[in-house]
Amino acid sequence: MRPPAWLGSGTLARDLALAGASLAGGLVLYALGWQPQIRPNADAPSALFLPPLLAMCVAVGLRRVAPRTSLATGTGALVVDIALGGSLGTILIYTQVLYDACVYGPPRLWRWLLRVTIGLSLVGAVVGVLVFGQWRGVAVGVPVVLAGLLPVLTGISVRQYRDQAAAERARAEQTARLVELDRRQAVSAERARMARELHDVVANHLSAVAIHATAVLSVPGLDRGQVESALRVIRESSVQGLTEMRQMIELLREPGTSGGSATAGDGAAMSEAVTARLAEADRLVERIRAAGLAVRVRTDGTPGPLPVGVDLAAYRIVQESLTNALKHGTGEAELTIAYQPAEVVLTVENPVRRGGAGLPGAGAGLIGMRERTTLLAGRFTAGPRDGRWRVRAALPTGEGR
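Residue numbers (my numbering): 78 to 478.
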């Protein structure tokens, strides 16, 4: 059975209840005549043993709120009781006072009590040997060990156990906080990665749609063939953008949550989205050329296999750079892919449109390219150079080291 809430651990009511129970037990021993103990023939009236007993019970009630005061009160009551001849009830209650002082008092208090009780035990044993003249006199120190040293050692053991439990709880809470912090950082990093992927997947297609739609609306006198050509580019870019967005969403979903079984076509599409790599830059360039950007491609060095992260980042950087050239340039760009022993270097240059005219942008593309490069411990620069806009990214491949 559980005690009522008002008698729960750590409450003042529980301390007072313990003090009352100690007083009741002491009165029972007093009624049985278990005093005096140390000097059986003492002439002190029995009523004189009651004030030390009452003071000792008060010390028990103060055990948690004032450990030092409790120990001082109990020690004073014990000294008076022993001076009267010694009462078994008072001595037994004092063991509780010593125990509580070690458990609830400051660390300095239990260290001091340990030294004192050990010293008194040794002194009692030595005095007993000297008085009785034989080794059996060591028994004089036994009561000090039982009533003093053992309660102190028990209190110290419980104190250390509680301190260790508190340290383990604090360590567990700190671990939980670190886990939560790691989780939040992982979520933040994943959100940033998703933002980069969605921007790079969709931005170039929407830019092509916007450019051709603007041309159709702003250029008067277009014949039907020109309009159909622009609409064809708009349709192809829209379909491609929707396809890649759907593939990205499918990749972000948990397996088995797509609402049905995956088809072979869906698997191929997802595989293509996962394995977008620099070797497929030719198809990307063809799409950009169809959107109206004249791209010259130059490859230096011998193409070779790249790490998956480097391959994907290189493809996305090329895609975003050419998209920016289409949006803000004059209609031409130069792409250079240099395969070097320890890195692959991507350079995209295009003339800058005068007056800054072009499609609006929020700068997320440059931020995404810089983040991709930084995550791979590479180098990234972007800005005007000799009247042209130049993007350069060097991505380490982990070879040649």
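Here a beta-carbon is modelled for each residue, glycine too, at the ideal position from N, C-alpha and C. Source: prediction; values computed, not measured.
Give every residue of the same chain whose Cβ lies closer than 8 Å to the Cβ of residue i, excluding the five residues on either side of it in the sequence, and list them in chain order.
{"i": "Ala272", "result": "Ala441 and Gly445"}
{"i": "Gly163", "result": "Gln112, Pro113, Gln114, Ile115 and Arg116"}
{"i": "Tyr107", "result": "Ser123, Phe126, Leu127, Leu130, Ser164 and Gly166"}
{"i": "Ser198", "result": "Gly218, Val221, Val222, Gly225 and Leu226"}
Note down, in chain order, each residue of its chain lying with its Cβ closer than 6 Å to the Cβ of residue i, except the 5 sequence neighbours on either side.
{"i": "Ala471", "result": "Glu420, Val422, Gly455 and Arg456"}
{"i": "Ala358", "result": "Val395"}
{"i": "Leu191", "result": "Val229"}
{"i": "Asn427", "result": "Ala402, Gly406, Ala410 and Trp466"}
{"i": "Asp463", "result": "none"}
{"i": "Leu355", "result": "Asp388, Ala391 and Tyr392"}
{"i": "Gly298", "result": "none"}
{"i": "Val429", "result": "Trp466"}
{"i": "Arg447", "result": "Phe457"}
Rounded to a whole number of angstroms, what is the C-alpha to C-alpha distance between residue i and residue j?
{"i": "Tyr181", "j": "Glu274", "result": "59 Å"}
{"i": "Leu100", "j": "Ala242", "result": "32 Å"}
{"i": "Gly201", "j": "Arg140", "result": "28 Å"}
{"i": "Thr167", "j": "Ala247", "result": "39 Å"}
{"i": "Arg188", "j": "Gly232", "result": "11 Å"}
{"i": "Val235", "j": "Leu130", "result": "26 Å"}
{"i": "Val221", "j": "Thr194", "result": "7 Å"}
{"i": "Ile159", "j": "Val206", "result": "22 Å"}
{"i": "Leu161", "j": "Ser86", "result": "36 Å"}
{"i": "Ala390", "j": "Ala269", "result": "14 Å"}
{"i": "Val310", "j": "Thr320", "result": "15 Å"}
{"i": "Val156", "j": "Met133", "result": "11 Å"}
{"i": "Ala285", "j": "Leu361", "result": "13 Å"}
{"i": "Leu403", "j": "Arg431", "result": "14 Å"}
{"i": "Arg185", "j": "Thr88", "result": "24 Å"}
{"i": "Gly408", "j": "Ala266", "result": "35 Å"}
{"i": "Thr450", "j": "Glu250", "result": "36 Å"}
{"i": "Ser314", "j": "Ala290", "result": "12 Å"}
{"i": "Ala143", "j": "Tyr171", "result": "16 Å"}
{"i": "Arg91", "j": "Gly102", "result": "16 Å"}
{"i": "Val372", "j": "Thr424", "result": "12 Å"}
{"i": "Ala96", "j": "Pro81", "result": "18 Å"}
{"i": "Pro473", "j": "Asp388", "result": "11 Å"}
{"i": "Ala244", "j": "Ala263", "result": "28 Å"}
{"i": "Ala287", "j": "Arg366", "result": "15 Å"}
{"i": "Phe209", "j": "Val215", "result": "9 Å"}
{"i": "Ser398", "j": "Arg254", "result": "41 Å"}
{"i": "Gly460", "j": "Leu453", "result": "21 Å"}
{"i": "Leu443", "j": "Ser295", "result": "29 Å"}
{"i": "Val374", "j": "Asp300", "result": "32 Å"}
{"i": "Ala368", "j": "Val468", "result": "20 Å"}
{"i": "Gln237", "j": "Val137", "result": "21 Å"}
{"i": "Gly196", "j": "Glu257", "result": "51 Å"}
{"i": "Gly110", "j": "Arg213", "result": "29 Å"}
{"i": "Arg312", "j": "Ser306", "result": "10 Å"}
Going by DSSP, what residue range makes up the beta strand (DSSP E) through residue i?
{"i": "Asp377", "result": "Ala371 to Asp377"}
{"i": "Val135", "result": "Run containing Val135: none in the beta strand (DSSP E); it sits in the alpha helix (DSSP H), Leu127 to Gly138."}
For residue i, which residues from the same chain have a beta carbon less than 7 Å from its beta carbon, with the 5 sequence-adjacent residues on both sides left out?
{"i": "Val203", "result": "none"}
{"i": "Gly475", "result": "Pro384"}
{"i": "Val304", "result": "Val293"}
{"i": "Ala353", "result": "Leu389 and Tyr392"}
Along the chain, where does the alpha helix (DSSP H) containing residue i start, and where does it finish?
{"i": "Gln112", "result": "Counting along the chain, Gln112 falls outside any alpha helix (DSSP H), and DSSP gives it neither H nor E."}
{"i": "Trp189", "result": "Pro184 to Phe209"}
{"i": "Glu357", "result": "Element bounds for Glu357: n/a, residue is neither H nor E."}
{"i": "Ala174", "result": "Just to set this straight, residue 174 is Val in the shown sequence, not Ala. Where Val174 is concerned, the enclosing alpha helix (DSSP H) stretches over Leu165 to Tyr181."}
{"i": "Ser86", "result": "It is not in any alpha helix (DSSP H) - Ser86 carries neither H nor E in the DSSP assignment."}
{"i": "Asp158", "result": "Pro144 to Leu161"}
- prompt: Are there three or more Cβ pairs, one per stretch, closer than 8 Å when the region 171-179 is compared with the region 140-159?
  reply: Yes: the two stretches touch, three or more of their Cβ pairs being nearer than 8 Å.
query: What are the uninterrupted segments assigned as alpha helix (DSSP H) that are 4 or more residues long and contained completely in the region 389-475, given in chain order?
result: DSSP runs (the alpha helix (DSSP H)) wholly in the region 389-475: 441-452.
- prompt: Below 8 Å, can you find three or more Cβ-Cβ pairs linking the region 368-384 to the region 407-418?
  reply: Yes, the region 368-384 touches the region 407-418.
task: Tell me the start and end of each unbroken beta strand (DSSP E) in the region 206-251 that is at least 3 residues and wholly inside, in chain order.
output: You should have found no qualifying run.
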